[in-house]
Amino acid sequence: GILAGLDPDSHFILYPKEKRKTAVRVTALSEKSYVRQYYETGSVWHLELDSPAKEISADLQWDPKYTVFTADGKQLKPGKILSAAPVILTGFTGSDKITSASVQVASLLFSGQMGFPAKPLTAFPIKKTNGKTCYELSGGHKVLFLSGKVVKPEQQLEFRIEDKSSLLVHPHDGQVFRLKVNGKLIQQYDTTRGTEPKWGGGMAARRTRFDLKPRTWYLPLKKYAGKPVLITLEIDPRKHIMGDKSLSAVKLK
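In the numbering used here, the protein residues as written are -9 to 243.
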């Protein structure tokens, strides 16, 4: 057989063919294009395609229960995709209304695949920070997500995030938090300030290399009124997960 569409910067373990099919299938892909990241849950799939070329073309098939399909934040109908590289594609069920209680957490492997079944954010350990309730997420690549229809446009989502990593654990290299709507990047926080942290020194020296100030982000929902949306908060461990830990909370206000 032929393997195509693999990320050249990643390593892969090959297993015998599983009986279960993925929620989305790429039946045709332009030359040199590849899958950067993919994960799926019972209500969401997320696919990132990249290429050294300027454009990507792909033919996709997916389970019809995922009724909403977007490419780089825009809702589209099924069919052939032609987009600038890279492109983020999402599919989700948009029938339920957005609520704070519907936030789920997906754990990803280094290849971007699902590591464990998604579970509610409220299933994680509770931690108080500055008098507010957050949930502690241990190291690893995680995505907080909720999908549904915006029925109250006057509301907004509040995201509280804080890096609580152990800075003296070798070779801790920071985390990146990304807020996206329908796959489109809205806001980003890189604890390394966009630099490559060097290892060495005591706690005082390590603290100067990372931006650990807690963040509170607000996402007004007015522009999405009556529309189905997929909202995600990605916690990217960069190259290493050693020492990684974060606090997160999502509240509809």
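Every residue gets a Cβ at the ideal spot worked out from N, C-alpha and C, and that includes glycine.
#### Entry: Per DSSP, cross-strand counterpart(s) of Y214
Y214 is not bridged to any residue.
### Task
Please report how far the alpha carbon of L111 lies from the alpha carbon of E38, in whole angstroms.
24 Å
### Message
Considering Cα atoms alone, identify which of E186, R205 and G84 is closest to Q65.
### Response
When only C-alpha atoms are compared, the closest one is G84.
#### Entry: G32, buried or exposed, once every other Cβ within 10 Å from all chains shown has been counted against 16
exposed
### Query
Would you report the Cα separation of F167 and T17, rounded to the nearest angstrom?
32 Å
### Message
As an exercise, report each continuous alpha helix (DSSP H) stretch of at least 4 residues that is fully enclosed by the region 155 to 207, in chain order.
### Response
193 to 198
### Message
Counting C-beta neighbours from all protein chains within 10 Å, is the total for T185 16 or more, i.e. buried, or is it exposed?
### Response
exposed
### Alpha-carbon spacing of L127 relative to V159, whole angstroms
17 Å
### Message
Which of the three DSSP states is assigned to S137 in this structure?
### Response
strand
### Query
Where does L79 sit, in a helix, a strand or coil, going by DSSP?
Strand, per DSSP.
#### Entry: Contact set for K22: own chain, Cβ-Cβ below 7 Å, skip 5 residues either direction
S41, P42 and A43
### Task
Can you check DSSP and say which residues form a bridge with R26?
Its beta-bridge partners do not exist; DSSP assigns none.
### Query
Is it the case that the Cβ atoms of D226 and Q165 are separated by a distance below 8 Å?
yes
### Task
Would you kindly work out how many angstroms separate the C-alpha atoms of V140 and R228, rounded to a whole number?
32 Å
### Task
Report yes if the CB atom of I78 is closer than 8 Å to the CB atom of D62, and no otherwise.
Closer than 8 Å, so yes.
### Task
Check the C-beta distance from F135 over to L220 and give it rounded, since I have them as a contact under 8 Å.
7 Å
### Message
Can you find the residues in the same chain that come closer than 8 Å, C-beta to C-beta, to K109, ignoring five residues on each side of it along the sequence?
### Response
Answer for K109: Q94 and V95, listed in chain order.
### Message
If you follow the beta strand (DSSP E) that Q146 is in, where does it begin and where does it stop?
### Response
Q146 to D153
### Query
Roughly how far, in whole angstroms, is the beta-carbon of F149 from the beta-carbon of L169, given that I think they are within contact range, below 8 Å?
6 Å
### Message
Closest to T123 by C-alpha separation, out of P76, A195, T206 and G130, would be which residue?
### Response
Comparing Cα positions, the closest option is T206.
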